[in-house]
Amino acid sequence: MNITNILSKLAAKEPGIMGLENFRRSSVLIPLVEVEGEVHILFEVRSMHMRRQPGDICFPGGRIDPSDKTPMECAIRETSEELGITKENIVNVTPIDYVVSDMGRIIYPYVGQLTDINKIILNEMEVGEIFTVPLAHFQATTPDTYKVKVNVIPEDNFPFELIVGGENYNWQIQHIEELFYRYEDRVIWGLTAKILRHFCQLISNENRS
1 MNITNILSKL
11 AAKEPGIMGL
21 ENFRRSSVLI
31 PLVEVEGEVH
41 ILFEVRSMHM
51 RRQPGDICFP
61 GGRIDPSDKT
71 PMECAIRETS
81 EELGITKENI
91 VNVTPIDYVV
101 SDMGRIIYPY
111 VGQLTDINKI
121 ILNEMEVGEI
131 FTVPLAHFQA
141 TTPDTYKVKV
151 NVIPEDNFPF
161 ELIVGGENYN
171 WQIQHIEELF
181 YRYEDRVIWG
191 LTAKILRHFC
201 QLISNENRS
């Protein structure tokens, strides 16, 4: 193989994310609803039956299944399953920027409208309760920001003899930003808060352009 062949082969490939197959991929939906003429965002409280993050506040969503043709299909399916509504009640679904997290996850967020929240029948194994918050609250609120330090701890058989510095190698400590929104007695944090802030920034930028 010569240089020309190498470059031709690379030129034909669309760049993607290296190691994508090793990431956990999921989709979420930011559900917009109308409450007394005002735009609200609907949130779920995860059921206490859930193995991961019981009681946390989140958007509808979940892991992308092999049967999902696209991340958007996953977001709609999960919303339908968790809220007990038909897919026809989930309209105008639009993608926003996806998230590559520090913990080996890719999250594809979407924004969509729920046309009739009175038809919601919760999947109680996954969702403990739902509530809505006026969008205007988040547009007028700056989330509290904190840092979480993540140390690097190599496994016991790590080959220190192969790297400069050996066991004294200067590993870089990561600092993960965590955001917290408050509304009445509710606390929204983690990836949900990050996606929420980004969504608010996007629509704020659109209004200014």
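Residues in the sequence shown are numbered from 1 upward in steps of one, following full-length UniProt numbering. Cβ coordinates follow ideal geometry from the N, Cα and C atoms, glycine included.
Asked                                                                                                              : Found
Status (buried if at least 16 other CB within 10 Å, exposed otherwise) for Leu20                                   : exposed
C-beta atoms of Pro31 and Ile96 nearer than 9 Å                                                                    : no
Inter-stretch contact (C-beta, 8 Å, three-pair minimum) for the segment 76-92 and the segment 107-116              : yes
Lys149, enclosing beta strand (DSSP E) - first and last residue                                                    : 144-150
Cβ-Cβ separation, Leu196 to residue 210 (assumed contact under 8 Å), whole Å                                       : Residue 210 lies beyond the residue range present for the chain, which begins at 1 and ends at 209; the question has no answer from this structure.
Pick from Glu38, Gly104, Glu177 that is closest to residue 270, judged by C-alpha positions                        : It is not possible to answer for residue 270, since the shown part of the chain is limited to 1 through 209.
Where Val198 falls, given that 16 or more other Cβ within 10 Å makes a residue buried                              : One point to set straight first is that residue 198 is His, not Val, in the sequence displayed. So His198 ends up on the exposed side.
Whether Arg24 touches Ile120 by CB criterion (9 Å)                                                                 : no
Gly128 versus Gly62, Ile57, Val148, residue with shortest Cα-Cα distance                                           : Ile57
Residue range of the alpha helix (DSSP H) that includes Ser8                                                       : 3-11
For Glu44, the three-state DSSP class (helix, strand or coil)                                                      : strand
Residue(s) in a DSSP beta bridge with Val91                                                                        : Gln113
Candidates Glu81, Gln53, Glu167: closest to Gly61 by CA position                                                   : Glu81
Close-in-space but distant-in-sequence residues of the same chain around Pro134 (CB under 6 Å, 5 per side omitted) : Glu38, His40
Boundaries (first-last residue) of the beta strand (DSSP E) holding Phe138                                         : Not the beta strand (DSSP E): Phe138 falls in the alpha helix (DSSP H), residues 135-139.
Own chain, CB closer than 7 Å to Pro143, minus 5 neighbours either side, in chain order                            : Leu179, Phe180, Tyr181, Ala193, Arg197
Inter-residue Cα distance where the pair is Ile188 and Cys200                                                      : 14 Å
Pro71 burial status per 10 Å Cβ neighbour count (16 or more: buried)                                               : buried
Residue from Phe131, Ile176, Val45, Lys149 whose Cα sits closest to the Cα of Gln100                               : Before going on, a small fix: residue 100 reads as Val here, not Gln. If we check each option's Cα against that of Val100, Ile176 comes out closest.
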